[in-house]
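From first to last, the protein sequence lines are chains A and B.
Be aware that the first sequence starts at 20, since it is given in my numbering, and climbs by one per residue.
Be aware that the second sequence starts at 20, since it is given in my numbering, and climbs by one per residue.
The beta-carbon is built from N, C-alpha and C at its ideal position, and this holds for glycine as well.
Quantities reported herein were computed from a predicted structural model and do not represent experimental measurements.
Number of protein chains: 2
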Amino acid sequence: MENQKRTTIYDIAKKLNLNASSVSRALSGNSNVSETTKQLILKTAKELNYRQNSMASNLRKGENQTIGVVVPRINQNFFSNVIAGIEEVTYQKGYNLIICQSNESYEREVKCVDTLINQHVSCIFLSISADFENNDHLKSIADHGIKLIQFDRVDDTMDTYKVLTGNEEAAFEAVSHLIEQGYKRIALLEGPQNLNIFRLRKAGYLEALKKHGFPIIDELIRENAWTRELGAKATEDLLALPEPPDAIFASTSDFAALGVLDVAQREGIKVPQQLGICGFSNEAFTEITQPSITTIDQFSKEIGKNVANLYFQKMKKGVNIDEQKVVNIKPQLIIRSSTLKNG
Amino acid sequence: MENQKRTTIYDIAKKLNLNASSVSRALSGNSNVSETTKQLILKTAKELNYRQNSMASNLRKGENQTIGVVVPRINQNFFSNVIAGIEEVTYQKGYNLIICQSNESYEREVKCVDTLINQHVSCIFLSISADFENNDHLKSIADHGIKLIQFDRVDDTMDTYKVLTGNEEAAFEAVSHLIEQGYKRIALLEGPQNLNIFRLRKAGYLEALKKHGFPIIDELIRENAWTRELGAKATEDLLALPEPPDAIFASTSDFAALGVLDVAQREGIKVPQQLGICGFSNEAFTEITQPSITTIDQFSKEIGKNVANLYFQKMKKGVNIDEQKVVNIKPQLIIRSSTLKNG
DNA sequence: TTTACAAAAGCAATCGATTGCTTAAAAATC
DNA sequence: GATTTTTAAGCAATCGATTGCTTTTGTAAA
Chain A
20 MENQKRTTIY DIAKKLNLNA SSVSRALSGN SNVSETTKQL ILKTAKELNY RQNSMASNLR
80 KGENQTIGVV VPRINQNFFS NVIAGIEEVT YQKGYNLIIC QSNESYEREV KCVDTLINQH
140 VSCIFLSISA DFENNDHLKS IADHGIKLIQ FDRVDDTMDT YKVLTGNEEA AFEAVSHLIE
200 QGYKRIALLE GPQNLNIFRL RKAGYLEALK KHGFPIIDEL IRENAWTREL GAKATEDLLA
260 LPEPPDAIFA STSDFAALGV LDVAQREGIK VPQQLGICGF SNEAFTEITQ PSITTIDQFS
320 KEIGKNVANL YFQKMKKGVN IDEQKVVNIK PQLIIRSSTL KNG
Chain B
20 MENQKRTTIY DIAKKLNLNA SSVSRALSGN SNVSETTKQL ILKTAKELNY RQNSMASNLR
80 KGENQTIGVV VPRINQNFFS NVIAGIEEVT YQKGYNLIIC QSNESYEREV KCVDTLINQH
140 VSCIFLSISA DFENNDHLKS IADHGIKLIQ FDRVDDTMDT YKVLTGNEEA AFEAVSHLIE
200 QGYKRIALLE GPQNLNIFRL RKAGYLEALK KHGFPIIDEL IRENAWTREL GAKATEDLLA
260 LPEPPDAIFA STSDFAALGV LDVAQREGIK VPQQLGICGF SNEAFTEITQ PSITTIDQFS
320 KEIGKNVANL YFQKMKKGVN IDEQKVVNIK PQLIIRSSTL KNG
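Right, dumping it as structure tokens:
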């Protein structure tokens, strides 16, 4: 049962004393086949348990109904939601998804892209890894006639379709909210600056301070604090300052914000009265903590759907010219207890 | 730049005045090619930006270094971790992953399997959907010479390789722990009984009660409570009983346990003093809630790795006979505040 | 120098489906 | 009834890489 050969259109043809081309036409719903033989072929195909060999079909047709996705980590909430969104659309279109994770490693990202090129995928949806070095691999995608859509973490210097969230605006809004609540010394936990998203979030932070006439205090800006542990560590340092902050915007992630909360609770600092906390991403747990954490929802699943739709509705049809190449998914500030100093 | 044809081995052959077969042999590291021409071919391949066409290669070789994965939902913590584990192993082996989600729909599950069969994948890793109806589609996988490994949610009646967590033992352990803590009336939130995992968890619950001489009280067993909302609803009903439970084992998920906690807090019931709560899955948030929730860690990423390793180390090599076909990943009870009545 | 043998390269079929083109058969028109 | 048109089916090349087999070339042994 294991090693039997799969039935091909030739098997069907032979059984019915027909030519393979007629079988192919019948199965693909093509015309040029009489209704009776068509039904006969369909019936026989079912009997013989026929399944089309996509490899042969794709090879001949020169197209591959497959899309490659490269993300830093599959099992990170944001990305798994994006993928779910992508899948929802591609499934409908009868496309397959090949998923790769770069594990935040540039080297692996390059290898993933290589594999996808070999696979002849129609398009690659990609979000760059944290130790992004250069875009040679991205350029080579186009060289092989494969389309590319970048999302979330993108290389700005490349002129590709992109799906983004308004990182800068969101950060601006979050910090403005903190200021409105009366916080005076607002610290920033920032991520690797080679990633556009973190650069933009920092820009939003600086802008908000500027707009409200707040000074920029370098010692309140902490680098690479994007896990719970690193967020906690940074918070300890910040709170040990002669003039500690009275609010912390963990622009890197909600996990960092959670680290902030950990330290605050450990040191008996009242949130939001003595310390305001704002995260980023609207992870499920932010709603559950005591106090619940103010954060920014990025509509990750929506991002995925948009990426996929961009491919099917625009790129695939070749509507390239005059097109807006960047889609922005507007994020939303979710205000919760951790920043409600004024109640 | 977009529509140029990709270079093939024929292009390389033509440029070097060689035959395509030599090029093929050189590129695959085959012997029967002199070292000099081999180097020449490799150099030219690089110059012409050659990439192997996997479709053609796979078609000819009759094998496809691709594995299909079908899960109910990609963006569910447990499954995204399993996938991450799978990917870690398959990536190393140079295999690709095609990922599909059934969205808990039997119909979609069937379609996913169909697609993967058409794609000629080498193996399918599958966890069945909640409204599983029958295993015709699973049987047809073998009919097409494709291997199958079931994990977590499996169809017991099929003799396939399986990777499981000790659901029954875990549930038994959890309920025993509740009993040891002095809880007397332990309720169960159970999931759809057409899924093996929920049947087993219920069995573990019943066993533990039996072993400790506790009566089985039907009104304490609630069906289909596997979301936060449904968990909350069930809890309201349970607490409204003349003799309400003093502990609830949310065997379905931590989300259900969270629903229980919601209601307890709303109604001013003290956890763990008046009500013990135990969840299932060790979702990140269970550690964060106040009080933190006792739960069961399933080592989901480990499950993924085991599934993939099972394929590469056993199935692929055809070590079928005398082999243990079931791998059990032992889960671990994580005891936290929500059940520590005795401190 | 001739023969024997190994190494290197070429030839051609193959994997399975698709498709432009040709031929055969059936239906419609005059 | 003859001719044109439509419809149905067959033929054969093609997609790109692989591989068993044959031929050619090069080298070693006789």
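Residue pairing for residue 266 of chain B: DSSP places it in a beta bridge opposite B/205 and B/295.
Here the alpha carbon of residue 348 of chain B sits roughly 40 Å from the alpha carbon of residue 160 of chain A. Proximity to residue 208 of chain A across A/108, A/127, A/253 and A/31 peaks at A/253, based on C-alpha coordinates. Residue burial is scored here from C-beta neighbours: residue 202 of chain A has at least 16 other C-beta atoms within 10 angstroms and is therefore classed as buried.
With a 10 Å radius around the Cβ and a threshold of 16 neighbouring Cβ atoms, residue 81 of chain B comes out exposed.
Under the DSSP definition of a beta bridge, residue 170 of chain A partners with A/182. Uninterrupted alpha helix (DSSP H) stretches at least 4 residues long and entirely within the segment 77-111 of chain A occur at 96-111, given in chain order.
Residue nearest to residue 319 of chain B within the set B/170, B/215 and B/174 is B/170 (criterion: CA-CA distance).
The C-beta of residue 163 of chain B comes closer than 8 Å to at least one C-beta of chain A. Along the length of the segment 29-82 of chain B, whole alpha helix (DSSP H) runs at least 4 residues long occupy 39-46, 54-66 and 73-80, reported in chain order.
Here the C-alpha atom of residue 106 of chain A lies approximately 23 Å from the C-alpha atom of residue 324 of chain B.
If you check each beta-carbon in the segment 289-319 of chain A against every beta-carbon of chain B, the ones closer than 7 Å belong to 303, 304, 307, 308 and 309. Under the three-state reduction of DSSP output, residue 254 of chain B falls in the helix class. Residue 334 of chain A does not reach chain B, its nearest Cβ partner there being about 11 Å away, counting only Cβ pairs nearer than 8 Å. Annotated three-state conformation of residue 346 of chain B is strand, per DSSP. In this structure, residue 321 of chain B lies near residue 104 of chain B, with their beta-carbon atoms less than 8 Å apart. The secondary-structure analysis by DSSP pairs residue 351 of chain B across a beta bridge with B/316. Taking a contact as a CB-CB distance under 8 Å, the pair residue 300 of chain B and residue 98 of chain B does not count as one, their CB atoms being some 11 Å apart.
For residue 70 of chain B, the nearest CB of chain A lies under 8 Å from its own CB, placing it at the interface with that chain. For residue 212 of chain A, there is no enclosing beta strand (DSSP E), as DSSP marks it with neither H nor E. The count of Cβ pairs closer than 8 Å, one atom from the segment 305-313 of chain A and one from the segment 87-95 of chain A, stays below three, leaving the stretches out of contact. Within the same chain, and ignoring the five residues on either side of residue 193 of chain B in sequence, the residues whose Cβ sits closer than 7 Å to its Cβ are 268, 297, 315 and 352.
Contact between the segment 120-129 of chain B and the segment 138-154 of chain B is present: three or more C-beta pairs spanning the two stretches fall below 8 Å. Three or more beta-carbon pairs separated by less than 8 Å link the segment 112-120 of chain B to the segment 133-140 of chain B, which places the two stretches in contact. A Cβ of chain B is located within less than 8 Å of the beta carbon of residue 73 of chain A. In this structure, residue 182 of chain B sits away from residue 331 of chain B, with a CB-CB distance that is not shorter than 8 Å.
For residue 309 of chain A, there is no enclosing beta strand (DSSP E), as DSSP marks it with neither H nor E. Residue 195 of chain B is not bridged by DSSP to any residue. Going by beta carbons, residue 350 of chain B and residue 232 of chain B fall outside the 8 Å limit. Residue 103 of chain A reaches chain B at 92, 93, 94 and 120, counting residues in chain order whose Cβ is nearer than 8 Å. When rounded, the separation of the alpha-carbon atoms in residue 189 of chain B and residue 287 of chain B is 30 Å.
When 7 Å is used as the limit between beta carbons, residue 139 of chain A is near these residues of chain B: 72, 73 and 74, in chain order.
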